[in-house]
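Q:
Protein chains in written order, with our numbering: chain G, 3 to 306; chain P, 26 to 498.
(1) Run through DSSP, which three-state label would residue 336 of chain P get?
(2) Distance cutoff 8 Å, beta carbons only. Does residue 55 of chain P sit that close to anything in chain G?
(3) Using a threshold of 8 Å, state whether the C-beta atoms of residue 94 of chain P and residue 87 of chain P are closer than that.
(4) Give me whichever residues DSSP pairs with residue 191 of chain P in a beta bridge.
(5) Whose C-beta lies closer than 7 Å to the C-beta of residue 97 of chain P among residues of the same chain, with five residues either side of it excluded?
(6) Does any residue of chain G bring its CB to less than 8 Å from the CB of residue 381 of chain P?
(7) Run through the DSSP bridge pairs and tell me what residue 61 of chain P is partnered with.
(8) Ignore the nearest five residues each way along the sequence and tell me which others in residue 177 of chain G's own chain have a CB closer than 7 Å to its CB.
(9) In this structure, how does DSSP classify residue 40 of chain G when only helix, strand and coil are distinguished?
(10) Which residues in chain P sit within 7 Å of residue 196 of chain G, going by Cβ to Cβ distance?
(11) In the DSSP assignment, the alpha helix (DSSP H) including residue 289 of chain G goes from what residue to what residue?
(12) Among G:128, G:157, G:75, G:136, which has the Cα closest to the Cα of residue 103 of chain G?
(13) Between the stretch 183-198 of chain G and the stretch 209-223 of chain P, can you find at least three pairs of beta-carbon atoms closer than 8 Å?
(14) Counting only beta-carbon atoms, is residue 181 of chain G nearer than 8 Å to chain P?
(15) At the 8 Å Cβ level, is residue 204 of chain G part of the contact set with chain P, yes or no?
(16) Within a Cβ cutoff of 6 Å, which residues of the same chain sit near residue 227 of chain P, ignoring the five residues on either side of it in sequence?
(17) If you measure between the beta carbons of residue 259 of chain G and residue 289 of chain G, is that distance less than 8 Å?
(18) Do residue 26 of chain G and residue 60 of chain G come within 8 Å of each other at the CB atom, strictly closer than that value?
(19) Checking contacts by CB at 8 Å: is residue 289 of chain G closer than that to chain P?
(20) Should residue 212 of chain P be flagged as near chain G, meaning a C-beta pair shorter than 8 Å?
(21) Cβ closer than 7 Å: which chain P residues qualify as neighbours of residue 200 of chain G?
(22) Assuming residue 277 of chain G and residue 257 of chain G form a contact by the criterion Cβ under 8 Å, report the distance between their Cβ atoms to the nearest whole angstrom.
(23) Taking residue 58 of chain G as the reference, give the member of G:39, G:200, G:19 with the closest Cα.
(24) Using the Cα positions of residue 24 of chain G and residue 53 of chain G, report the straight-line distance between them to the nearest angstrom.
(25) Name, going along the chain, the residues of the stretch 66-84 of chain P whose beta-carbon falls closer than 8 Å to a beta-carbon of chain G.
(26) By DSSP's criteria, residue 190 of chain G is part of a beta bridge. Which residues make up the other side?
(27) What are the boundary residues of the alpha helix (DSSP H) that residue 213 of chain G is part of?
(28) Could you tell me the boundaries of the alpha helix (DSSP H) in which residue 86 of chain G lies?
(29) Could you say if the stretch 145-157 of chain P and the stretch 376-388 of chain P meet the contact criterion of at least three C-beta pairs nearer than 8 Å?
(30) What are the partner residues of residue 6 of chain G, as DSSP defines its beta bridges?
(31) Pick helix, strand or coil for residue 393 of chain P, following the three-state DSSP scheme.
(32) Please confirm if residue 191 of chain P has its CB atom under 8 Å from at least one CB of chain G.
(33) For residue 287 of chain G versus residue 90 of chain G, is the C-beta spacing smaller than 8 Å?
(34) For residue 356 of chain P and residue 201 of chain P, which I take to be in contact (beta-carbon distance under 8 Å), what is that distance rounded to the nearest angstrom?
(35) Taking the CB atoms as reference points, tell me whether residue 234 of chain P and residue 324 of chain P lie closer together than 8 Å.
What follows is the structure in structure tokens.
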């Protein structure tokens, strides 16, 4: 599996490097460090000085990062720099060029400790990336390698796709798989004439439905890999539900996301964004269709 | 399995422990747990109350009572206050939050809860329909005054009111339902903003309308006598619905013994004062005869008083925004009450199925919106208002009786809050409710009887055999 690490040099981010280092022992035969630089003028004479400066700066920062990764025991890393009109576009073309199968990104600046907050780059790619996206919350309980995949499962089409990816990947990485459904309790509508805990009832009902769904998946399990464990994580709001996830150090959460246009993203928000924002462990987001077009190396036929 | 006797079945109560298990499991984690003080609680009460009826209820009430409609407001306020106090006692006996349906189920038995539940459909679904009809009047006024666009009568009034279908009202219901399906909700801050907006808009009306105050409009004061005052009060009661938002929040309130009555009386005083200012100014501004059939009444009065359009535009815009938020809240309440009834197995499971994508009761919301939309599109406003008052008054009567029954049958039940002046207040509450009910027209009785008949059929055909109390999981 080829990991493409989206690496910004100004300011330097350590989170994507840490996540890449954690993913490499299980999933990174091949790690590519990709830095996107702004596209210059068509006539190179106009900004030759600036470009020279930029190239030197990127090269220096990338060298440091490569050594840093080597220190973590990551096999030889390639570094590429691409010119592109925007960072997401540049990362997508990097992924296509090196046939990457997972794009590793850092957290946006200013996110609270231990939480990922989607910056404009990740926020854009969350619903449009051609390959799954690994997102690093800034400091997270670091583990030297991935010990378990936890797949968020809600019974929707997108979570079945995430499950298909997680199943294959757990097998390829030789780690156990677990299914979890989140049952967040919303705040009630105010003023509420049905009491302030109405939503607890809705969340309890969803937890019941979720348990039945997970049992169904387990009953129909045909592998590959052993029967996954299941868990319903209920709590107050998405933060509470995610906190109730029974996490291990080395857990990696896998979430599906639907393909939304920019307008829908702004006005509806998305479950994937909410989960990513509240997750205490690194997250792999599988945008719809992304797992199918770039299958894992030892792919088994898709079952969805 | 032998079937229990019908009597035992009708009277079986839902164990409080089961309710705690359902909703109390995360009490410590609840964002609002025990954090609500008297001021926020009053905010909830005022927010839930203002906006339901005041924007259009004068059009039906003034023709009944004449200028004495002012007295009708006080009568309705006293009724609302005493019922809210009784409601608060019932709510405080159950250590979880819910609606009067769930309190009745835990204390008074299945059949009472079931009837209360069906009355609440009148209080919520039918009032949501009524409110959206009122909204369509103000939207029409706003469009007319700003861009000169008039929605044709055929598309903006129900068949009984000179049209074919009330399209704007249906649009509002669909809009609110789609927001609810998405899981949108109003926060405490949004509520505070809405409260401010509604009160300001109504005070703005009172200030401008009173500039044209003419004492002659107040004579004769009560052309229809005491009877007319009662009849008008029954319709006006509609605009006091929502005060129970305070009672149901009881479990989350700091020091309920002190805070609850303070918040109930406090929000009642604020709401009644605002209403009285509006009513006094409106009646002073035009002769009683002109109220009849006046669409978007408050905006029309302003336009007539000032002769210019901008005050009417301000008022209509305020009304459109506030009624929208009220519709959202009321529709939400309805879906959650049906959710609770459905989880208890008293109505089909359709209403408690949670959608996987949005984690909201999607099908229940759609079904509720269909029902409300049909009512809003096809039934005239005064029918809806009276039916809402009927359902609410009956539900409140049951609650007040329930409080007295429980004091006798379960005197040792721990109560976080006790009605002051027992037994006078519950008795007064019952008397007031029945008096207001007696003022409702015959057709409302017929509709209500039909409604209860449907409820009885559903009980015998469905609820009796599906109740969760019968088949514990």
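The beta-carbon is built from N, C-alpha and C at its ideal position, and this holds for glycine as well.
Remember, predicted model here, so these are calculated numbers, not experimental data.
A: Well, looking at it:
(1) In the second chain, residue 336 of chain P corresponds to position 311, counting from 1. Helix.
(2) To locate residue 55 of chain P, count along the second chain from 1; it is residue 30. At residue 55 of chain P the pLDDT is 44, less than 50, meaning the model places this residue with poor confidence and gives no usable figure here.
(3) Here residue 94 of chain P refers to the residue found at position 69 when the second chain is read from its first residue. Here residue 87 of chain P refers to the residue found at position 62 when the second chain is read from its first residue. Annotated as proximal: residue 94 of chain P and residue 87 of chain P, with beta-carbon spacing under 8 Å.
(4) The count along the second chain starts at 1 and reaches residue 191 of chain P at position 166. According to DSSP, which records beta bridges pairwise, residue 191 of chain P is partnered with P:181.
(5) Numbered from its first residue, the second chain carries residue 97 of chain P at position 72. Around residue 97 of chain P: 86, 90, 254, 257, 258, 261.
(6) Mapped onto the second chain, residue 381 of chain P falls at position 356. Judged by the 8 Å Cβ criterion, residue 381 of chain P is in contact with chain G.
(7) Position 36 of the second chain holds residue 61 of chain P. Its beta-bridge partners are P:278.
(8) One-based indexing of the first chain puts residue 177 of chain G at position 175. Here the set comprises 28, 148, 149, 150, 151.
(9) Residue 40 of chain G sits at position 38 when you count from the first residue of the first chain. If DSSP states are grouped into helix, strand and coil, residue 40 of chain G belongs with the strands.
(10) To locate residue 196 of chain G, count along the first chain from 1; it is residue 194. The answer, in chain order, is 123, 124, 273, 358, 361, 362.
(11) As a working note, residue 289 of chain G is residue 287 in the first chain. For residue 289 of chain G, no alpha helix (DSSP H) encloses it; the enclosing beta strand (DSSP E) starts and ends at 285-289.
(12) Within the first chain, numbered from 1, the residue matching residue 103 of chain G stands at position 101. If we check each option's Cα against that of residue 103 of chain G, G:136 comes out closest.
(13) yes
(14) Counting from one through the first chain, the residue named residue 181 of chain G turns up at place 179. Chain P, which has no Cβ nearer than 8 Å to the Cβ of residue 181 of chain G, makes this no.
(15) Residue numbering aside, residue 204 of chain G sits at position 202 when the first chain is read from its first letter. Chain P contact via Cβ: present.
(16) In the second chain, counting from the first residue as 1, residue 227 of chain P sits at position 202. Once the five neighbours on either side are set aside, the close Cβ partners of residue 227 of chain P are 299, 303.
(17) Residue numbering aside, residue 259 of chain G sits at position 257 when the first chain is read from its first letter. Residue numbering aside, residue 289 of chain G sits at position 287 when the first chain is read from its first letter. For residue 259 of chain G and residue 289 of chain G, yes; Cβs fall inside 8 Å.
(18) Walking along the first chain from the start, residue 60 of chain G turns up at place 58. Walking along the first chain from the start, residue 26 of chain G turns up at place 24. Contact: no.
(19) Position 287 of the first chain, counted from the start, is the residue given in the question as residue 289 of chain G. It does not: the Cβ of residue 289 of chain G has no partner Cβ on chain P nearer than 8 Å.
(20) Translated into positions along the second chain, residue 212 of chain P becomes position 187. With 8 Å as the cut-off, residue 212 of chain P counts as an interface residue toward chain G.
(21) As a position in the first chain, residue 200 of chain G is number 198, starting the count at 1. Residues of chain P passing the Cβ test: 361.
(22) For the purposes of this step, residue 277 of chain G is identified with residue 275 of the first chain, where counting begins at 1. For the purposes of this step, residue 257 of chain G is identified with residue 255 of the first chain, where counting begins at 1. So it is a contact: roughly 5 Å between Cβ atoms.
(23) Along the first chain, read from residue 1 onward, the residue named residue 58 of chain G stands at position 56. Residue G:39 is the option with its Cα nearest to residue 58 of chain G.
(24) The residue you call residue 24 of chain G lines up with position 22 of the first chain. The residue you call residue 53 of chain G lines up with position 51 of the first chain. Distance between the alpha carbons of residue 24 of chain G and residue 53 of chain G: 33 Å.
(25) 68, 69, 70, 72, 73
(26) The residue labelled residue 190 of chain G in the question sits at position 188 within the first chain. According to DSSP, which records beta bridges pairwise, residue 190 of chain G is partnered with nothing at all.
(27) If you number the first chain from 1, residue 213 of chain G lands on position 211. Residue 213 of chain G -> alpha helix (DSSP H) spans 200-221.
(28) Within the first chain, residue 86 of chain G is the residue found at index 84, counting from 1. Segment 79-86 is the beta strand (DSSP E) holding residue 86 of chain G; no alpha helix (DSSP H) there.
(29) no
(30) The count along the first chain starts at 1 and reaches residue 6 of chain G at position 4. Paired residue(s): G:34, G:105.
(31) Counting from one through the second chain, the residue named residue 393 of chain P turns up at place 368. Helix at residue 393 of chain P.
(32) In the second chain, the residue the question calls residue 191 of chain P occupies position 166. Not an interface residue.
(33) Within the first chain, the letter at position 285 stands for residue 287 of chain G. Within the first chain, the letter at position 88 stands for residue 90 of chain G. Result no, Cβ atoms of residue 287 of chain G and residue 90 of chain G do not sit closer than 8 Å.
(34) Reading the second chain from its first residue, position 331 is the one you call residue 356 of chain P. Reading the second chain from its first residue, position 176 is the one you call residue 201 of chain P. Going by Cβ atoms, the distance from residue 356 of chain P to residue 201 of chain P rounds to 5 Å, so yes, they are a contact pair.
(35) As a working note, residue 234 of chain P is residue 209 in the second chain. As a working note, residue 324 of chain P is residue 299 in the second chain. Cβ atoms of residue 234 of chain P and residue 324 of chain P: not closer than 8 Å.
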